[in-house]
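Engineer: Would you mind keeping the following structure in view while I ask a few things?
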Amino acid sequence: MQRRWLNLDSPVFMNIFTMDLLQRKDRCRERLLVLTLIFGWCLGSVRCFGQSLDSELTFLLPAGRSECFYQTALKNGSMEVEYQVIAGAGMDVDFIIFTPENIAVVIESRRSDGVHVVEPTEAGDYQICFDNGFSRFSEKTVFFEIIIEGQGGDVGGDDEWTGLEEPDGSLLEYKLDDIRVR
């Protein structure tokens, strides 16, 4: 009996090697397809749930200066602004929120932090200002977060629940009895 050695020139080796490469390519294509589908689903689900209107920012407020930021809000929504001075001498700033009509609805002087909920009575751009004008030498690092609620159909309140009925109590009692028995 004669032994046959597989070497790189052997047709058997080439067939095995070629089949293995084709199988690997198929697996790579399958993986690529699965990854593409997962990515597409993730991207689509973000779009389905809507983009979050909440935002947060940390910024440097120079000595003797004020910085203002603008947030669009819809009428009858809710806007919560939370801020905190996280670095700088004195750890305090002046804080003001203006309506689109330039009326101050929140004014705080020399505070290190605060949480304020504003219920916009008019749609438009609200101005959120931090002032370090009283400090001549010390810059401050300020973190703030804006949480928007009630936009995109969230405003309805209890009117949204009028068409729904409460389940009768017997179903709930049955389930509780079922849980106790087991």
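UniProt numbering numbers the first residue of the sequence shown as 1 and each following residue consecutively.
Cβ atoms here follow ideal geometry from the backbone N, Cα and C, with glycine treated the same way.
It should be emphasised that the depicted structure is a prediction, and the values quoted were computed from it without experimental measurement.
When you compare each of N132, G124 and F95 to V115 by their alpha carbons, which one comes out closest?
Structural biologist: The shortest C-alpha separation from V115 is found at F95.
Engineer: Less than 6 Å between C-beta atoms, sequence neighbours within five positions excluded: which residues of the same chain meet that for I107?
Structural biologist: Hits under 6 Å: I96.
Engineer: Please report the Cβ distance between V93 and N132, rounded to the nearest whole angstrom; I am assuming they are in contact, meaning their Cβ atoms lie under 8 Å.
Structural biologist: Confirmed, Cβ separation roughly 6 Å.
Engineer: In the DSSP output, which residue or residues are listed as bridge partners for R65?
Structural biologist: BP columns for R65 are empty, so no partner.
Engineer: Return the CA-CA distance between E122 and F59, expressed in angstroms with no decimal places.
Structural biologist: Near 28 Å, if we compare the C-alpha coordinates of F59 and E122.
Engineer: Report the three-state DSSP secondary structure of G153 (helix, strand or coil).
Structural biologist: Unreliable placement is indicated for G153, whose pLDDT of 45 sits below 50; the coordinate value is still reported in the next sentence. In the structure shown, G153 sits in coil (DSSP, three-state: anything other than H, G, I, E or B).
Engineer: To the nearest whole angstrom, what separates the beta carbons of E139 and G90, a pair I think is in contact under 8 Å?
Structural biologist: Actually they do not touch by this definition, with Cβ atoms about 11 Å apart.
Engineer: Quick check: what's the CA-CA separation for G77 versus R27?
Structural biologist: So the alpha carbons of these two residues sit roughly 51 Å apart.
Engineer: Distance, Cα to Cα, A73 vs D113?
Structural biologist: One C-alpha to the other measures close to 23 Å.
Engineer: Let me know the secondary structure DSSP gives G124 once reduced to three states.
Structural biologist: It is a strand residue.
Engineer: Could you check if F137 is buried or exposed, using at least 16 other CB atoms within 10 Å of its CB as the buried criterion?
Structural biologist: Classification for F137: exposed.
Engineer: Considering Cα atoms alone, identify which of C129, G150, I147 and I148 is closest to R65.
Structural biologist: Among C129, G150, I147 and I148, the Cα nearest to that of R65 belongs to C129.
Engineer: What residue range is occupied by the uninterrupted beta strand (DSSP E) comprising A87?
Structural biologist: A87 -> beta strand (DSSP E) spans S78 to A87.
Engineer: Between T141, S55, E145 and V85, which has its C-alpha nearest R111's C-alpha?
Structural biologist: Looking at the Cα atoms, V85 is the closest of the given residues.
Engineer: Whose C-beta lies closer than 6 Å to the C-beta of E119 among residues of the same chain, with five residues either side of it excluded?
Structural biologist: If we look at E119 and ignore the five residues flanking it on each side, its Cβ neighbours are S78.
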